[in-house]
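A short worksheet on the structure shown next.
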Amino acid sequence: MDPGASNWDVSKRYKTDVLVGNWFEERLVYDRKNHTHPSSYSIDFQQRGYQQPDVVLRRNGWIRSNGVGKEILLAHHGDAYKKNWITWYDEDFNGRGLPRNPPLRDWHSGNMAWSPERSDFPVQGSPTNWGLKERLDKRWNTSLQERSTTSKNDFSTTYNASYLKPRTEDLLAARQPSFLPPISGRMPANTGSQDKFEEPAQKLSVVAT
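The working numbering numbers the first residue of the sequence shown as 1 and each following residue consecutively.
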């Protein structure tokens, strides 16, 4: 304490690092300061005057950010591959495809390839329906119906099956205040009234005459 300070001075005489008082609330207060120091970007940046933005550069940046749409990836040949849903597995093992044999291939020396190539002319048609979605929908709907009517389903547990909902009257409990004796109420928890007020037994000594 400063010897020249008056006695009525009630200012804080401790450092702000000491966690006293409402230190947590004081840390939550945002200290807004006017920072005027420049940054490295503001020092290195030089204004070039008014210029129009580069449209090509902005378009390329937009394409890199959003990616290429499905119209460019899938619709560049129109509707040629719109019904291309039959796989080679369906053609070989399930008999999906044309009712006749594919045309024979010929070797073209100019293209150095066999033509017509099978992969260049895929079979068009709807996808093969295995019935998995219908079976799962039926199973899920049946399970939801059983769950709403009974407790025996795929989502039931032993606790759910054995749990009994308590009655309303079982949840209501009568509350009555309990009054303690005046002496017991003023005694500490580790001291009883008998230890405080009970007088010690007097020992009688018999003197023989």
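Built from N, CA and C at the ideal position, the CB exists for glycine as well.
Q. Where do the N-terminal and C-terminal ends of the beta strand (DSSP E) with Ala113 fall, by residue?
A. Ala113 to Ser115
(Q) Taking a contact to mean a Cβ-Cβ separation below 8 Å, would you say Thr128 touches Asp90 in this structure? (A) yes
(Q) Does Gly131 come out as helix, strand or coil in the three-state DSSP assignment? (A) coil
Q. Smallest Cα separation from Trp107: which of Arg100, Ser115 and Asn101?
A. Ser115
Q: Let me know the alpha helix (DSSP H) ranges lying completely inside the region 15 to 80, each 4 residues or longer, listed in chain order.
A: Counting only unbroken stretches of 4 or more residues, the alpha helix (DSSP H) elements lying wholly within the region 15 to 80 are 23 to 28, 40 to 44, 55 to 66 and 70 to 74, in sequence order.
**Q.** CA nearest to the CA of Gly97, picked from Arg135, Phe121, Ser109 and Ala75
**A.** Phe121
Q: Can you give me the start and stop residues for the alpha helix (DSSP H) that Asp170 sits inside?
A: Thr168 to Leu171
Q: Just confirm the distance between the C-beta atoms of Gln145 and Asn84, as a whole number of angstroms; I'd bet it's less than 8 Å.
A: Incorrect: roughly 39 Å between the Cβ atoms, too far for contact.
Q) Taking the alpha-carbon positions, what's the Glu25 to Glu71 distance? A) 56 Å
(Q) By DSSP's criteria, Asp106 is part of a beta bridge. Which residues make up the other side? (A) Ser115
(Q) Measuring straight from C-alpha to C-alpha, what distance separates Val56 and Asn111? (A) 37 Å
Q) Tell me, which residues are paired with Asn84 by DSSP? A) Assignment of beta-bridge partners to Asn84 by DSSP yields Gly125.
Q: Would you kindly work out how many angstroms separate the C-alpha atoms of Gly21 and Ser39, rounded to a whole number?
A: 37 Å
Q: With DSSP as the reference, label Lys138 as helix, strand or coil.
A: helix
Q. From which residue to which residue does the alpha helix (DSSP H) around Thr157 run?
A. Where Thr157 is concerned, there is no enclosing alpha helix (DSSP H), given that its DSSP letter is neither H nor E.
Q: Decide if Arg135 is buried, meaning its Cβ has at least 16 other Cβ atoms within 10 Å, or exposed.
A: exposed
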